[in-house]
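Protein chains: 2
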Amino acid sequence: MPEIRKGEDLVERIVAAVRKAGLRFEEGDIVVVAQKIVSKAEGAVVRLATVNPSSKAQALAEQLKKDARVVELVLKESRRILRQDRVLIVETHHGFVCANAGIDHSNVPGRDVVTLLPRNPDRSAEALAAGLRKKTGKRIPVIISDTFGRPWRLGLTNVAIGAAGLPVLLDLRGTRDREGKPLAATILAVADELAASAGLLMGKSEGIPVVVIRGYRYRPASEKAAQIIRPALEDLFR
Amino acid sequence: MPEIRKGEDLVERIVAAVRKAGLRFEEGDIVVVAQKIVSKAEGAVVRLATVNPSSKAQALAEQLKKDARVVELVLKESRRILRQDRVLIVETHHGFVCANAGIDHSNVPGRDVVTLLPRNPDRSAEALAAGLRKKTGKRIPVIISDTFGRPWRLGLTNVAIGAAGLPVLLDLRGTRDREGKPLAATILAVADELAASAGLLMGKSEGIPVVVIRGYRYRPASEKAAQIIRPALEDLFR
Numbered sequence: 025m026p027e028i029r030k031g032e033d034l035v036e037r038i039v040a041a042v043r044k045a046g047l048r049f050e051e052g053d054i055v056v057v058a059q060k061i062v063s064k065a066e067g068a069v070v071r072l073a074t075v076n077p078s079s080k081a082q083a084l085a086e087q088l089k090k091d092a093r094v095v096e097l098v099l100k101e102s103r104r105i106l107r108q109d110r111v112l113i114v115e116t117h118h119g120f121v122c123a124n125a126g127i128d129h130s131n132v133p134g135r136d137v138v139t140l141l142p143r144n145p146d147r148s149a150e151a152l153a154a155g156l157r158k159k160t161g162k163r164i165p166v167i168i169s170d171t172f173g174r175p176w177r178l179g180l181t182n183v184a185i186g187a188a189g190l191p192v193l194l195d196l197r198g199t200r201d202r203e204g205k206p207l208a209a210t211i212l213a214v215a216d217e218l219a220a221s222a223g224l225l226m227g228k229s230e231g232i233p234v235v236v237i238r239g240y241r242y243r244p245a246s247e248k249a250a251q252i253i254r255p256a257l258e259d260l261f262r
Numbered sequence: 025m026p027e028i029r030k031g032e033d034l035v036e037r038i039v040a041a042v043r044k045a046g047l048r049f050e051e052g053d054i055v056v057v058a059q060k061i062v063s064k065a066e067g068a069v070v071r072l073a074t075v076n077p078s079s080k081a082q083a084l085a086e087q088l089k090k091d092a093r094v095v096e097l098v099l100k101e102s103r104r105i106l107r108q109d110r111v112l113i114v115e116t117h118h119g120f121v122c123a124n125a126g127i128d129h130s131n132v133p134g135r136d137v138v139t140l141l142p143r144n145p146d147r148s149a150e151a152l153a154a155g156l157r158k159k160t161g162k163r164i165p166v167i168i169s170d171t172f173g174r175p176w177r178l179g180l181t182n183v184a185i186g187a188a189g190l191p192v193l194l195d196l197r198g199t200r201d202r203e204g205k206p207l208a209a210t211i212l213a214v215a216d217e218l219a220a221s222a223g224l225l226m227g228k229s230e231g232i233p234v235v236v237i238r239g240y241r242y243r244p245a246s247e248k249a250a251q252i253i254r255p256a257l258e259d260l261f262r
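Residue numbers (this note's numbering), protein chains in the order written: chain B, 25 to 262; chain C, 25 to 262.
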C-alpha cells in the first residue's frame, strides 16, 4: 500500500491493493486493517512541535526520562494511569489498557510526528465495512488491529481495537464438550485471535497494513471491539 | 482425532490424522497441538476421588465456593496465588500466570477427572518435533497451546505454553521502519499469535486438537515457550 494521508479513501485503497494482489473479495472474507493507517486517514496524527506540555507532564517526563510532549499527549488520551515505570500503562478514554495510550511514532513520516489511536475505532470499522459493502456488494467484516503488550508474558500481540460485522467474543457456555459435559467459563476472544493471525503477516516494518482472512467460519453479527474491554469493576488487575 | 489415552504415541496419531485429511507434511509447516491431548498422552490426568484436600485447600474452597479437591490440585501446581476471587489466578511452577493453574475438566472422559498442564511443555514440544522429524524426515516446529484469560480484556485466547523449532519472540529492535527510523519497543510474540490463529480452528468442543500452519515464514530456531514468560521482577502486574 502507498503511504496513507489524511482524508484518503481507505476503502478505495484497500480494494485497489486487493485487486493488485490478484485477489477478489468473496462473501465471508474478513479484512484486518492496522490501526496506523486508520489513524493517518482520519488525521489522528500530531506534530510534537505543536504540543505544549503541562507542568504535570513535564514533571512526569523528567521522572520517566521521556519526551514531555509525548507524555502530555499520553495524559490527554488517558482516563487514568495504571502504572508508571519505563512505560506509562494507562487506561485510554476508550477503556483500552495499553502502553503510552497507543501513541506511536513508527511508520509515521517525519521525525517528530506521532499517531494517536482513532477516536472511535468501532465506528471507523463500521464505516470501512459499509464502504466495502458499497464498493464490492459483499458483506465484509472489518477488524482494526493494534499491537498491545500484556502482563505476565513478553512481547506484543495484535488485538482488535475496532470491529464491525462479526462476533468478537464467542460464547461457548451452554454448549457441551465431546463428553457431553457443559463447558464452564469458555468465551473465546475470536476477534483478538483474528487480529493476532493477521499480525503474523503484517510484521511491523513490512508495509502490510491490510490482511484478508478467508475461510474462517463465523455468523455475521453487529458486535463491537469495545465489548472485549473487561469492565473495570470486574477486573482483578485494574 | 480419536480420544487420546495415557502412553499413546501422539506423533503417530498426528501423522495419521494429517494423512486422513488428505494432507502431507511439507518443510516449513508448523504443528500446533492443544495442551489437552498432550496432558492426556503424558498421563497428566487426575481422578478427583484420589485427591485428599488439605485444610488450607478446604478453607479456600469454602471461601470461593469451589471443589476442595480441585483447589488442592491448584495449590499443588502453583508457586503462588496472585488473586483469589471467583477464580484463582496463580503462578504455576512453570511460571505461567493463569486461572486455576490450567486445570481443566472439559473434554476429559469421566465426570470427576481433570487434566493438569504437562510437567514440562517445552520438553513435550521438543519430543513431538523430534518424533515428527523421525517419522516424516521433515523439520516441523511444534507449539503446544492452551487457552488463557488475561487482565483488561474479556475472553480467552490461545497462547504457546510449549514450543520447539521456531522463534517465539520476534525481536524487531534495531530494524528500521518504512521511514528508516529505528523501531523502539517492538518484540512480537509470534508463538502466541501462531497459537491464537490455530485456536480459531480448534474451537473447544469440536475435537480439533491439532492444526497445521502452512505458509508462515520463519527462521528455524531452538527457542522455548518459557522465554515468553515475563520475569516476575520486571512484571508490573505480579
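Glycine included, every Cβ here is placed at the ideal spot set by N, Cα and C.
Closest by C-alpha distance to residue i, when choosing among the options
i                : options                                   : result
Val111 (chain C) : C:Gly119, C:Ala125 and C:Pro77            : C:Ala125
Gly31 (chain B)  : B:Trp176, B:Val55, B:Ala68 and B:Arg48    : B:Ala68
Ser148 (chain B) : B:Pro255, B:Ala41, B:Ala45 and B:Ala249   : B:Ala249
Tyr240 (chain B) : B:Phe49, B:Asp53, B:Gly134 and B:Phe172   : B:Asp53
Asn144 (chain B) : B:Leu156, B:Ile167 and B:Lys159           : B:Ile167
Pro77 (chain B)  : B:Lys44, B:Ser130, B:Glu96 and B:Trp176   : B:Glu96
Arg103 (chain B) : B:Val70, B:Gln87, B:Thr74 and B:Val121    : B:Val121
Ile232 (chain B) : B:Ala41, B:Lys100, B:Val35 and B:Glu36    : B:Ala41
Arg71 (chain B)  : B:Leu141, B:Val137 and B:Arg157           : B:Val137
Thr171 (chain B) : B:Val236, B:Met25 and B:Val56             : B:Val56
Leu194 (chain C) : B:Arg243, B:Val236, B:Gly173 and B:Leu180 : B:Leu180
His129 (chain B) : C:Thr210, C:Ile237 and C:Gln87            : C:Thr210
Lys190 (chain C) : C:Asp91, C:Val39, C:Arg243 and C:Ile113   : Reading off the sequence, residue 190 (chain C) comes out as Leu, not Lys. It is C:Arg243.
Val236 (chain B) : B:Val192, B:Glu51, B:Lys90 and B:Leu212   : B:Glu51
Asp259 (chain B) : C:Val214, C:Arg107 and C:Leu140           : C:Arg107
Gly227 (chain C) : C:Asp33, C:Ile28 and C:Ala58              : C:Ala58
His118 (chain B) : B:Pro133, B:Val132, B:Gly134 and B:Lys100 : B:Lys100
Arg37 (chain C)  : C:Leu156, C:Asp216, C:Pro133 and C:Arg197 : C:Leu156
Lys159 (chain C) : C:Pro175, C:Arg177 and C:Phe49            : C:Phe49
Leu88 (chain B)  : B:Val94, B:Asp109, B:Pro175 and B:Arg197  : B:Asp109
Val214 (chain C) : B:Thr139, B:Asn182 and B:Asp91            : B:Asn182
Ala245 (chain C) : C:Asp216, C:Ile164 and C:Val234           : C:Ile164
Ile28 (chain B)  : B:Leu196, B:Val234 and B:Leu212           : B:Val234
Leu140 (chain B) : B:Val62, B:Val35 and B:Leu152             : B:Val62
Assigned exposure category for residue i - 16 Cβ within 10 Å defines buried
i                : result
Leu47 (chain C)  : exposed
Lys60 (chain C)  : buried
Ser169 (chain B) : buried
Ala123 (chain B) : buried
Thr74 (chain B)  : exposed
Pro255 (chain C) : exposed
Lys64 (chain B)  : buried
Ala45 (chain B)  : exposed
Leu257 (chain C) : exposed
Ala66 (chain B)  : According to the sequence shown, residue 66 (chain B) is Glu rather than Ala. That one is buried.
Pro133 (chain B) : exposed
Arg93 (chain C)  : buried
Arg174 (chain B) : buried
Asn177 (chain B) : With the sequence shown as reference, residue 177 (chain B) is identified as Arg, and Asn is not the correct amino acid for it. Under this definition Arg177 (chain B) is a buried residue.
Asp33 (chain C)  : exposed
Glu86 (chain C)  : exposed
Glu115 (chain C) : buried
Pro142 (chain B) : buried
C-beta neighbour in chain D for residue i, strict 9 angstroms
i                : result
Thr210 (chain C) : Here chain D cannot be found, since the structure's protein chains are B and C.
Contacting positions in the stretch 88-116 of chain B - beta carbon closer than 7 angstroms to chain C
Arg107, Asp109 and Ile113
Residues of the stretch 176-187 of chain C with Cβ closer than 8 angstroms to any Cβ of chain B, in chain order
Trp176, Arg177, Leu178, Gly179, Leu180, Thr181, Asn182 and Val183
In chain order, what are the residue ranges of uninterrupted alpha helix (DSSP H) at least 4 long that sit wholly in the stretch 124-165 of chain B?
145-160
Can you confirm whether the stretch 217-224 of chain C touches the stretch 216-224 of chain B when touching is taken to mean that 3 or more C-beta pairs between the two stretches lie within less than 8 angstroms?
yes
Check whether the stretch 249-258 of chain C and the stretch 181-197 of chain C touch, using three or more Cβ-Cβ pairs below 8 angstroms as the test.
yes
At a CB distance below 8 angstroms, what residues from the stretch 233-255 of chain B approach chain C? Give them in sequence order.
Of all residues in the stretch 233-255 of chain B, those with a C-beta nearer than 8 angstroms to a C-beta of chain C are Tyr240, Gln251, Ile252, Ile253 and Arg254, reading in chain order.
Counting pairs of beta carbons, one from the stretch 81-88 of chain B and one from the stretch 147-161 of chain B, are three or more of them closer than 8 angstroms?
The stretch 81-88 of chain B and the stretch 147-161 of chain B do not touch, with fewer than 3 CB-CB distances between them shorter than 8 angstroms.
Which runs of the alpha helix (DSSP H) at least 4 residues long sit entirely within the stretch 214-262 of chain B? Give them in chain order.
214-226
Could I get the ranges of all uninterrupted alpha helix (DSSP H) runs contained in the stretch 35-67 of chain C, with 4 residues as the minimum, in chain order?
59-66
What are the residues in the stretch 141-152 of chain C lying within 8 angstroms of chain B by C-beta distance?
Taking 8 angstroms as the Cβ-Cβ cut-off against chain B, none of the residues of the stretch 141-152 of chain C qualify.
Write down every uninterrupted run of the alpha helix (DSSP H) in the stretch 90-123 of chain B whose length is 4 residues or greater and which is fully enclosed by it, in chain order.
As far as the stretch 90-123 of chain B is concerned, its whole alpha helix (DSSP H) runs of at least 4 residues are 92-100.
What residues from the stretch 212-226 of chain C come within 7 angstroms of chain B, judged by C-beta to C-beta, listed N to C?
Leu212, Ala213, Val214, Asp216, Glu217, Leu218, Ala220, Ser221, Gly223 and Leu224
Against chain C, which members of the stretch 45-77 of chain B pass a CB distance test of less than 9 angstroms?
none
Which residues of the stretch 163-174 of chain B have a Cβ closer than 9 angstroms to any Cβ of chain C? Give them in chain order.
Thr171, Phe172, Gly173 and Arg174
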